[in-house]
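**Student:** Residue numbers (the working numbering): 637 to 876.
My questions will all concern the structure given below.
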């Protein structure tokens, strides 16, 4: 069983050395034998692209470049559709959830599960550093509304640690349309439309103090995108 790891990046030159170090450490782990790392540069304007081009590792590394910034949802979608292995995981460049946590997904992969997602909000999850209080509360409201909009019934939509079988990727990602916020909710909604069971696994997570989420503007866009998900016409539903 081989893994593809998709890492969307935008102006990440300060974070990438730490990311590279983590990847090199895991390159010696038999679990990641045959893995490929797919960086998707979402129109970075700093030295991100050059750093990735110069990165050397025992793991197969691929760079996919977008000419202009399209949004994290677009970058994730682009990377997942480039994946070639049995399963593909996407995670944040800051590795708020360490890549090694993927081993917790292995029992589900071995059973042929199609959608496996990390959660910070279920028993067994470990939070090393919590988000600020207001962001936590906004996240709780968002989770409730996202469950209402998608019918997915999951505890954590926005943990950036989600894994899909190749079959699930081809059923879900060609039809995703949300380029920025709420892309997580959209792909889980599409999974539900495809009758793919969503497995949640508690993971280790730490808050990134350099997060670029703008509480007001981005929260509003997230809630607006939830409405778009309900209004969009996808294969498997009859929404106009």
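By construction, the Cβ of each residue, glycine as well, lies at the ideal position given by its N, Cα and C atoms.
1. With distance defined between alpha-carbon atoms, name the residue in 737, 776, 694 and 645 nearest to residue 904.
2. When the distance is taken between beta carbons, is residue 817 closer than 8 angstroms to residue 861?
3. Quick one, are the C-beta atoms of residue 754 and residue 795 less than 8 angstroms apart?
4. Less than 8 angstroms between the beta carbons of residue 671 and residue 698, yes or no?
5. Can you tell which of 830, 841 and 866 has the C-alpha that lies nearest to the C-alpha of residue 732?
6. Express the C-alpha separation of residue 694 and residue 827 in angstroms, rounding to a whole number.
7. Buried or exposed: residue 675, going by 16 or more other Cβ atoms within 10 Å of its Cβ?
8. Tell me the rounded alpha-carbon separation between residue 644 and residue 807.
9. Per DSSP, what are the beta-bridge partners of residue 754 in this structure?
10. In whole angstroms, give me the CA-to-CA distance for residue 805 and residue 717.
11. Return the chain-ordered ranges of every alpha helix (DSSP H) run that is complete within the region 672-728 and spans a minimum of 4 residues.
12. Return the CA-CA distance between residue 723 and residue 640, expressed in angstroms with no decimal places.
13. Take the Cβ of residue 769 as the centre, count every other Cβ of all protein chains shown within 10 Å, and call the residue buried at 16 or more, exposed below.
14. Using the DSSP secondary-structure output, state which residues sit across from residue 765 in a beta bridge.
15. Excluding five sequence neighbours on each side, which residues of the same chain lie with their C-beta closer than 8 angstroms to the C-beta of residue 689?
16. How many whole angstroms separate the CB atoms of residue 803 and residue 812, which I take to be in contact at a CB cut-off of 8 angstroms?
17. Just to confirm the assignment, what range does the beta strand (DSSP E) spanning residue 797 have?
18. Count the other CB atoms within 10 Å of the CB of residue 669; is the residue buried (16 or more) or exposed (fewer)?
19. Taking residue 823 as part of the alpha helix (DSSP H), name the residues at either end of that continuous run.
20. Using only the alpha-carbon positions, how far apart do residue 715 and residue 740 sit?
21. How should residue 865 be labelled, buried or exposed, when 16 other C-beta atoms within 10 angstroms of its C-beta is the threshold for buried?
**Tutor:** A quick look at the data gives this:
1. This structure does not reach residue 904, given that the chain is present from 637 up to 876, and the question cannot be answered.
2. Yes, Cβ-Cβ distance for residue 861 and residue 817 is below 8 angstroms.
3. The criterion of a C-beta distance shorter than 8 angstroms is satisfied by residue 754 and residue 795.
4. With respect to residue 698, residue 671 sits apart: the two C-beta atoms are not nearer than 8 angstroms.
5. 841
6. 33 angstroms
7. buried
8. 21 angstroms
9. 837
10. 7 angstroms
11. Restricting attention to alpha helix (DSSP H) runs no shorter than 4 residues, the region 672-728 encloses them at 684-690 and 708-718, ordered along the chain.
12. Rounded to the nearest angstrom, the two C-alpha atoms are 6 angstroms apart.
13. exposed
14. 842
15. 699
16. Residue 803 to residue 812, Cβ: 16 angstroms. No contact.
17. 797-801
18. By the 10 Å Cβ count, residue 669 comes out exposed.
19. 819-829
20. 22 angstroms
21. buried
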